[in-house]
Amino acid sequence: MKIILYVKTGCPWCQGVLDLFAEKKVAFELRNVTENKAYFDEMVQKSGQTKAPTLDIDGKIYADSDREQVAKVLGL
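Going by my numbering, the final residue of the sequence shown carries number 1440, and the count climbs one at a time with no gaps.
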């Protein structure tokens, strides 16, 4: 399973997902859209919106998610 996590600096929902991944030792690629406009544009293209966190899990997009939603999707 390949997971790409798009986050914004200072976003509490993003931090919640990051904490979940650290606790459960989930492997993922982090893309900070605040620090990299190309990542921001990529996230908007994939999700159709500007909100984070957004996840790309094997090509399936979960936009504007929070810790609980992500845990449910991943069965954690």
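The beta-carbon is built from N, C-alpha and C at its ideal position, and this holds for glycine as well.
The model shown is predicted, which means the values in this text are computed figures rather than measured ones.
Beta-carbon gap between residue i and residue j smaller than 9 Å
| i | j | result |
| --- | --- | --- |
| Ile-1425 | Ile-1367 | no |
| Leu-1438 | Val-1371 | no |
| Thr-1373 | Thr-1398 | yes |
Extent of the continuous alpha helix (DSSP H) run through residue i
| i | result |
| --- | --- |
| Val-1382 | The question names Val, but residue 1382 is Leu in the sequence shown. Leu-1382 -> alpha helix (DSSP H) spans 1376-1388. |
| Asp-1405 | 1401-1411 |
| Leu-1438 | 1431-1438 |
Boundaries of the beta strand (DSSP E) in which residue i is found, first to last residue
| i | result |
| --- | --- |
| Glu-1393 | 1393-1396 |
| Lys-1424 | 1424-1426 |
Beta-carbon contacts of residue i that lie in its chain and below 6 Å, excluding the five residues immediately before and after
| i | result |
| --- | --- |
| Ser-1411 | Thr-1418, Ile-1425, Ala-1427 |
Close Cβ partners of residue i (< 7 Å) along its chain, the five nearest in sequence each way excluded
| i | result |
| --- | --- |
| Trp-1377 | Pro-1417, Asp-1430 |
Assigned secondary structure, residue i (DSSP; H/G/I helix, E/B strand, else coil)
| i | result |
| --- | --- |
| Asp-1369 | Note on residue identity: the sequence assigns Leu, not Asp, to residue 1369. Leu-1369 falls in the strand class under three-state DSSP. |
Reference residue i; option with closest CA among the options
| i | options | result |
| --- | --- | --- |
| Leu-1394 | Lys-1401, Leu-1382, Asp-1405, Thr-1414 | Leu-1382 |
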